[in-house]
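Asks: Quick one: the structure is below, and I'll ask about it shortly.
There are 2 protein chains.
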Amino acid sequence: MTEAILRDTPSLLLLGPGPSPVASPVRLAMAQPVVGHLDPEFIALMDRVQNGLRDLFGTENRFTLPISGTGSAGMEAAIVNLVEPGDRVVIGIHGVFGGRMRELAERQGGKVVAVEQEFGKPLDPDAMIEAIQGGRTKLVGFVHAETSTGVLQPLDEIAEAAQAEGALVLLDCVTSLGGAPVHLDALGIDAAYSGTQKCLSVPPGLSPLSLSDAAFDKIRGRKQKPTSWYLDVELLSGYWGQGQRAYHHTAPISMVYALAAGLDAALDEGLDARYARHRDVAARLYRGLAALGLECLVEGSFRTPMLTSICVPVGVDEVAVRQRLRQVHMIEIGGGLGPLAGKIWRVGLMGEGARPEVVSRLLAALGESLAHQGHGVDIAGGLAAAGEG
Amino acid sequence: MTEAILRDTPSLLLLGPGPSPVASPVRLAMAQPVVGHLDPEFIALMDRVQNGLRDLFGTENRFTLPISGTGSAGMEAAIVNLVEPGDRVVIGIHGVFGGRMRELAERQGGKVVAVEQEFGKPLDPDAMIEAIQGGRTKLVGFVHAETSTGVLQPLDEIAEAAQAEGALVLLDCVTSLGGAPVHLDALGIDAAYSGTQKCLSVPPGLSPLSLSDAAFDKIRGRKQKPTSWYLDVELLSGYWGQGQRAYHHTAPISMVYALAAGLDAALDEGLDARYARHRDVAARLYRGLAALGLECLVEGSFRTPMLTSICVPVGVDEVAVRQRLRQVHMIEIGGGLGPLAGKIWRVGLMGEGARPEVVSRLLAALGESLAHQGHGVDIAGGLAAAGEG
Numbered sequence: 001m002t003e004a005i006l007r008d009t010p011s012l013l014l015l016g017p018g019p020s021p022v023a024s025p026v027r028l029a030m031a032q033p034v035v036g037h038l039d040p041e042f043i044a045l046m047d048r049v050q051n052g053l054r055d056l057f058g059t060e061n062r063f064t065l066p067i068s069g070t071g072s073a074g075m076e077a078a079i080v081n082l083v084e085p086g087d088r089v090v091i092g093i094h095g096v097f098g099g100r101m102r103e104l105a106e107r108q109g110g111k112v113v114a115v116e117q118e119f120g121k122p123l124d125p126d127a128m129i130e131a132i133q134g135g136r137t138k139l140v141g142f143v144h145a146e147t148s149t150g151v152l153q154p155l156d157e158i159a160e161a162a163q164a165e166g167a168l169v170l171l172d173c174v175t176s177l178g179g180a181p182v183h184l185d186a187l188g189i190d191a192a193y194s195g196t197q198k199c200l201s202v203p204p205g206l207s208p209l210s211l212s213d214a215a216f217d218k219i220r221g222r223k224q225k226p227t228s229w230y231l232d233v234e235l236l237s238g239y240w241g242q243g244q245r246a247y248h249h250t251a252p253i254s255m256v257y258a259l260a261a262g263l264d265a266a267l268d269e270g271l272d273a274r275y276a277r278h279r280d281v282a283a284r285l286y287r288g289l290a291a292l293g294l295e296c297l298v299e300g301s302f303r304t305p306m307l308t309s310i311c312v313p314v315g316v317d318e319v320a321v322r323q324r325l326r327q328v329h330m331i332e333i334g335g336g337l338g339p340l341a342g343k344i345w346r347v348g349l350m351g352e353g354a355r356p357e358v359v360s361r362l363l364a365a366l367g368e369s370l371a372h373q374g375h376g377v378d379i380a381g382g383l384a385a386a387g388e389g
Numbered sequence: 001m002t003e004a005i006l007r008d009t010p011s012l013l014l015l016g017p018g019p020s021p022v023a024s025p026v027r028l029a030m031a032q033p034v035v036g037h038l039d040p041e042f043i044a045l046m047d048r049v050q051n052g053l054r055d056l057f058g059t060e061n062r063f064t065l066p067i068s069g070t071g072s073a074g075m076e077a078a079i080v081n082l083v084e085p086g087d088r089v090v091i092g093i094h095g096v097f098g099g100r101m102r103e104l105a106e107r108q109g110g111k112v113v114a115v116e117q118e119f120g121k122p123l124d125p126d127a128m129i130e131a132i133q134g135g136r137t138k139l140v141g142f143v144h145a146e147t148s149t150g151v152l153q154p155l156d157e158i159a160e161a162a163q164a165e166g167a168l169v170l171l172d173c174v175t176s177l178g179g180a181p182v183h184l185d186a187l188g189i190d191a192a193y194s195g196t197q198k199c200l201s202v203p204p205g206l207s208p209l210s211l212s213d214a215a216f217d218k219i220r221g222r223k224q225k226p227t228s229w230y231l232d233v234e235l236l237s238g239y240w241g242q243g244q245r246a247y248h249h250t251a252p253i254s255m256v257y258a259l260a261a262g263l264d265a266a267l268d269e270g271l272d273a274r275y276a277r278h279r280d281v282a283a284r285l286y287r288g289l290a291a292l293g294l295e296c297l298v299e300g301s302f303r304t305p306m307l308t309s310i311c312v313p314v315g316v317d318e319v320a321v322r323q324r325l326r327q328v329h330m331i332e333i334g335g336g337l338g339p340l341a342g343k344i345w346r347v348g349l350m351g352e353g354a355r356p357e358v359v360s361r362l363l364a365a366l367g368e369s370l371a372h373q374g375h376g377v378d379i380a381g382g383l384a385a386a387g388e389g
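Residue numbers (this note's numbering), protein chains in the order written: chain A, 1 to 389; chain B, 1 to 389.
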């Protein structure tokens, strides 16, 4: 039956909210022979991966490494270590992943103050600041690029207010890392996690996590051990840290190979060029969508370039459009989550997927799928508008 | 720099306690294009993986799936869901991994009754039964094949005693699954987890977990949610279960491809043939070691075929031997853990590594490495003894 996996599939073009397309060098890296998790060769690769992640996170944090799980494991690792029972935690919720952060903090016994915002709009900095100043806040958590809505959250004001109150800042960078600038040290962000399957264009399976010294001080001063052993960062730092490598758990070797190859690709391209590519391609998409008569959910200045939420036009069957894209055009896009289910499509132009020719292919296929439902659009006009720079 | 990952390495022969050698079909499966985690094609693959795991675990448990983390994540998933604060938990500890089970159960607030045994010997069933009967025991946890010592634990008596007391049974099958028979349903074991990187010969990164209906009843009756969201089995069953697939976290797609290919290989070979191969190859190793004058740590009838602990002879530098095996012979074996550090070598003949020619290569290399330290042994005699059937 293995042939069924290995067959030469006409590749599905992944333009949903992740996973994103994975390039051959990364896929081939995964196919390399496995070495031991304490082998000198692997330890050298670990160092290289840690340095690459520091570049992407814009940090010199010693504790910067891939957690052995997908993006949500990184969120859990941050929260399970940083939140103690009774801690006042302010969480900004303007999408599904802010809501997840609250759920996780509550499971650790944190007293969560939720600052909610309509899905599709950025968090209100004043409301966040008021909540932060409303008590002895230990941690402020929010999402940089909300994968459920496509909002890119401005960071400065909230981070500054948190620092002024002596609170640690936790940032969800799952969708932003590698596609938009993240400067942890410059912004004074203490903890951030990401996933490999978005703008890094590596298969899902690892979650980069970075913690500042201040975050680590809080962890060292905990009254009791974190509830998780697998994600206990003090134990993890014994394996990933300098010097003697203490066995903790067996690292997912092949996934680390893939991440190393993905980081190589990002750093070889240059981070500024990579961010500019994501912005340029998003701008093409916006122009094309406008020419097709389609509206974006998020106001222009708050859109995150790697993920665009498109409002489903009245009278259009959103599921049927996605099915036609998948079956006829071999393109995956996402639907809405939570309160946005049925109301939006989510289009990811992430990492290897953020290419001009991909935008054209998507616009044509989306136009055809709408026309197939009797919702005629000007495909030629959409393609022309996308191409105007 | 990606070339450094992709170069045609002379492959290291992995004969440590895991990861084990990974065959080409599995490595190529990982290199296949990624599909979405909610794609119909992937969902079909999930069903196939779940069915394959049920065959290996000897169970019809509906909840049988790979946890998105390495073996220790499976241990944590079992314990974080099954243990509530104040639960009386009996843990058998005859190696490092039983000790880890205790640590994890304590982090969930379990009242652990530890039944300890010298490392290298099996648990004493009478001591376990006495502990189980010593109070209102909710859970009994122990290790099938202790990776730190090489002991294969007899299961029947302990499992029966636990059932008689109405306690659930949790079994660590990290090293045994795919290499020795595991019959969860026949033995009445309620929860078991494994790792992909041992006798399945798949890279590390997933942890198969199976839970009985009785285990699930206990979980549904919890007074509070488990401390982990990422490993919450009720949420996971919404994604892996039948019917509507509710998004929980993005599954590690490429690792699931690899596991599917690894399961294919195991089931194509036939489970009985696979277990016999592991036993036959272990017998060759025992004969060869005896002819070289080397002793095994574990008494014959309690040895687990896939992992053999060899006592380091007096006067031999154990680290130097492992380094020579690694550098000159391109073979990885393991050292001892905890109280056995410096005292034993651990040789894994797991999955793809469990081959007669591998035993010969190891015996010759080990003999040469000992001779290099002035500890002369009869290599020809060792090889001849291994080959006698």
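We put the CB at the ideal spot given by N, CA and C, even for glycine.
With which residues is GLU332 of chain B paired in a DSSP beta bridge?
Replies: Mapped onto the second sequence, residue 332 of chain B falls at position 332. Per DSSP, B:LEU14.
Asks: Can you give me the Cβ contacts of ARG324 of chain A inside the same chain, cut-off strictly under 7 Å, excluding the 5 residues immediately before and after it?
Replies: Looking up residue 324 of chain A in the first sequence gives position 324. The answer, listed in chain order, is SER369 and HIS372.
Asks: Got a sec: which bits of the region 56-80 of chain A sit with their beta carbon under 7 Å from any beta carbon on chain B, in order along the chain?
Replies: Taking 7 Å as the Cβ-Cβ cut-off against chain B, the residues of the region 56-80 of chain A that qualify are SER68, GLY69, THR70, GLY71, SER72, ALA73 and GLU76.
Asks: Per DSSP, PRO208 of chain B forms a beta bridge with which residues?
Replies: Within the second sequence, the letter at position 208 stands for residue 208 of chain B. Its beta-bridge partners are B:PRO66.
Asks: Got a sec, what are the start and stop residues for the alpha helix (DSSP H) SER254 of chain A sits in?
Replies: The sequence position of residue 254 of chain A within the first sequence is 254, counting from 1. 253-269 is the extent of the alpha helix (DSSP H) around SER254 of chain A.
Asks: GLY15 of chain A: which of A:ALA386, A:GLY348 and A:GLY381 sits nearest, CA to CA?
Replies: Here the question's residue 15 of chain A lines up with position 15 in the first sequence. Sequence check: residue 15 of chain A is Leu here, not Gly. For LEU15 of chain A, the nearest C-alpha among the options comes from A:GLY348.
Asks: Of the residues that make up the region 95-110 of chain B, which ones have a beta carbon closer than 8 Å to any beta carbon in chain A?
Replies: So the close ones are ARG100, GLU103, LEU104, ARG107 and GLN108.
Asks: PHE142 of chain B bridges to which residues according to DSSP?
Replies: Position 142 of the second sequence, counted from the start, is the residue given in the question as residue 142 of chain B. Per DSSP, B:LEU171.
Asks: Terminal residues of the continuous beta strand (DSSP E) containing LYS218 of chain B?
Replies: Within the second sequence, residue 218 of chain B is the residue found at index 218, counting from 1. No beta strand (DSSP E) holds LYS218 of chain B; the alpha helix (DSSP H) holding it covers 213-220.
Asks: I believe VAL112 of chain A touches GLU106 of chain A by the beta-carbon criterion, under 8 Å. Please report the beta-carbon distance rounded to the nearest angstrom.
Replies: The residue labelled residue 112 of chain A in the question sits at position 112 within the first sequence. The residue labelled residue 106 of chain A in the question sits at position 106 within the first sequence. That belief holds up - the Cβ atoms of VAL112 of chain A and GLU106 of chain A are roughly 6 Å apart, short of 8 Å.
Asks: Report the partner residues of CYS296 of chain B according to the DSSP bridge assignment.
Replies: Mapped onto the second sequence, residue 296 of chain B falls at position 296. Beta-bridge pairing links CYS296 of chain B to B:ILE310.
Asks: Chain B partners of GLU332 of chain A, CB-CB under 8 Å?
Replies: Counting from 1 along the first sequence, the entry for residue 332 of chain A is found at position 332. Within chain B, the residues near GLU332 of chain A are VAL35, GLY36 and ASP39.
Asks: Pull up the DSSP beta-bridge partners for ALA341 of chain B, would you.
Replies: Counting from 1 along the second sequence, the entry for residue 341 of chain B is found at position 341. Beta-bridge pairing links ALA341 of chain B to no other residue.
Asks: Rounded to whole angstroms, what's the CA-CA distance from LEU206 of chain A to GLY381 of chain B? Just pull it up for me.
Replies: The count along the first sequence starts at 1 and reaches residue 206 of chain A at position 206. The count along the second sequence starts at 1 and reaches residue 381 of chain B at position 381. Each residue's alpha carbon lies about 47 Å from the other.
Asks: Taking only beta-carbon atoms, is LYS343 of chain B less than 9 Å away from chain A?
Replies: In the second sequence, counting from the first residue as 1, residue 343 of chain B sits at position 343. At a cut-off of 9 Å between beta-carbon atoms, LYS343 of chain B makes no contact with chain A.
Asks: Which residues, in order along the region 280-308 of chain A, keep a beta-carbon less than 7 Å from a beta-carbon of chain B?
Replies: none
Asks: Any contact of the region 173-186 of chain B with the region 304-314 of chain B, i.e. 3+ C-beta pairs under 8 Å?
Replies: Yes: at least three Cβ pairs fall under 8 Å.
Asks: Would you identify the three-state DSSP class for GLU130 of chain A, choosing helix, strand or coil?
Replies: Numbered from 1 along the first sequence, position 130 holds the residue referred to as residue 130 of chain A. Note: GLU130 of chain A maps to helix in three-state DSSP.
Asks: Does DSSP classify GLU116 of chain B as helix, strand or coil?
Replies: By 1-based counting over the second sequence, the position of residue 116 of chain B is 116. It is a strand residue.
Asks: Which value, in whole angstroms, describes the spacing of the CA atoms of GLY238 of chain A and ALA164 of chain A?
Replies: Here residue 238 of chain A corresponds to residue number 238 of the first sequence, with the count starting at 1. Here residue 164 of chain A corresponds to residue number 164 of the first sequence, with the count starting at 1. Between GLY238 of chain A and ALA164 of chain A, the C-alpha separation is close to 32 Å.
Asks: Just to confirm before moving on: does the CB-CB distance between MET30 of chain A and SER201 of chain A stay below 9 Å?
Replies: Here the question's residue 30 of chain A lines up with position 30 in the first sequence. Here the question's residue 201 of chain A lines up with position 201 in the first sequence. No. Outside cutoff.
Asks: At a CB-CB cut-off below 7 Å, which residues of chain A make contact with GLN197 of chain B?
Replies: Taking the second sequence and counting its residues from 1, one reaches residue 197 of chain B at position 197. Here the neighbours are THR250.
Asks: Could you check what DSSP says for ARG88 of chain A in three-state terms: helix, strand or coil?
Replies: In the first sequence, counting from the first residue as 1, residue 88 of chain A sits at position 88. Under the three-state reduction of DSSP, ARG88 of chain A is assigned to strand.
Asks: Bridge partners of VAL151 of chain B, per DSSP?
Replies: One-based indexing of the second sequence puts residue 151 of chain B at position 151. Note: VAL151 of chain B sits in a beta bridge opposite B:ARG303.
Asks: From ILE253 of chain A to PRO204 of chain B, what distance separates their C-alpha atoms?
Replies: The count along the first sequence starts at 1 and reaches residue 253 of chain A at position 253. The count along the second sequence starts at 1 and reaches residue 204 of chain B at position 204. CA-to-CA, the gap between ILE253 of chain A and PRO204 of chain B works out to about 6 Å.
Asks: Report back the beta-carbon spacing between VAL90 of chain B and ALA131 of chain B to the nearest angstrom; my notes put them in contact at under 8 Å.
Replies: Locating residue 90 of chain B in the second sequence gives position 90, where the first residue counts as 1. Locating residue 131 of chain B in the second sequence gives position 131, where the first residue counts as 1. Indeed, because the Cβ distance is near 5 Å, the residues count as touching under 8 Å.
Asks: Where does ILE310 of chain B land, buried or exposed, given buried means 16+ other C-beta within 10 angstroms?
Replies: Here the question's residue 310 of chain B lines up with position 310 in the second sequence. Buried, because 16 or more other Cβ atoms sit within 10 Å of the Cβ of ILE310 of chain B.
Asks: Measuring only the C-alpha atoms, how far is VAL49 of chain B from GLY58 of chain B?
Replies: Sequence index remark: in the second sequence, residue 49 of chain B carries index 49 (1-based). Sequence index remark: in the second sequence, residue 58 of chain B carries index 58 (1-based). So the two alpha carbons sit approximately 14 Å from each other.
Asks: Alpha carbon to alpha carbon, how far is ILE93 of chain B from ALA99 of chain B? Give it in angstroms, no decimals.
Replies: Taking the first residue of the second sequence as 1, we reach residue 99 of chain B at position 99. Taking the first residue of the second sequence as 1, we reach residue 93 of chain B at position 93. Per the sequence shown, residue 99 of chain B should be read as Gly rather than Ala. Each residue's Cα considered, the two are about 6 Å apart.
Asks: In this structure, how does DSSP classify TYR193 of chain A when only helix, strand and coil are distinguished?
Replies: Here residue 193 of chain A refers to the residue found at position 193 of the first sequence. If DSSP states are grouped into helix, strand and coil, TYR193 of chain A belongs with the strands.
Asks: Using only CA atoms, which one of B:ALA364, B:GLU318 and B:ALA246 lies nearest to LEU285 of chain B?
Replies: Translated into positions along the second sequence, residue 285 of chain B becomes position 285. Taking only the C-alpha atoms, the option nearest LEU285 of chain B is B:ALA364.
Asks: So, is ASN51 of chain B buried or exposed, given that buried needs 16 or more other C-beta atoms within 10 angstroms?
Replies: Numbered from 1 along the second sequence, position 51 holds the residue referred to as residue 51 of chain B. Classification of ASN51 of chain B: exposed, given that the 10 Å Cβ count is below 16.
Asks: Beta-carbon of THR2 of chain B versus every beta-carbon of chain A: anything under 9 Å?
Replies: Against the second sequence, residue 2 of chain B aligns to sequence position 2. Only weak support is given to the placement of THR2 of chain B: the predicted model assigns it a pLDDT of 48, under 50, and the value that follows is read from those uncertain coordinates. THR2 of chain B counts as touching chain A.
Asks: Give the single residue among A:LEU289, A:MET330, A:VAL328 and A:SER301 whose Cα lies nearest to the Cα of PRO313 of chain A.
Replies: Taking the first sequence and counting its residues from 1, one reaches residue 313 of chain A at position 313. Ranked by Cα distance from PRO313 of chain A, the options A:LEU289, A:MET330, A:VAL328 and A:SER301 are led by A:LEU289.
Asks: For VAL35 of chain B, which option in A:LEU13, A:ILE43, A:GLN153 and A:ASP232 has the closest C-alpha, if you only look at C-alpha atoms?
Replies: Here the question's residue 35 of chain B lines up with position 35 in the second sequence. Here the closest residue by C-alpha is A:LEU13.
Asks: Any Cβ of chain B within less than 9 Å of the Cβ of TYR193 of chain A?
Replies: The count along the first sequence starts at 1 and reaches residue 193 of chain A at position 193. Cβ-Cβ to chain B under 9 Å: no for TYR193 of chain A.
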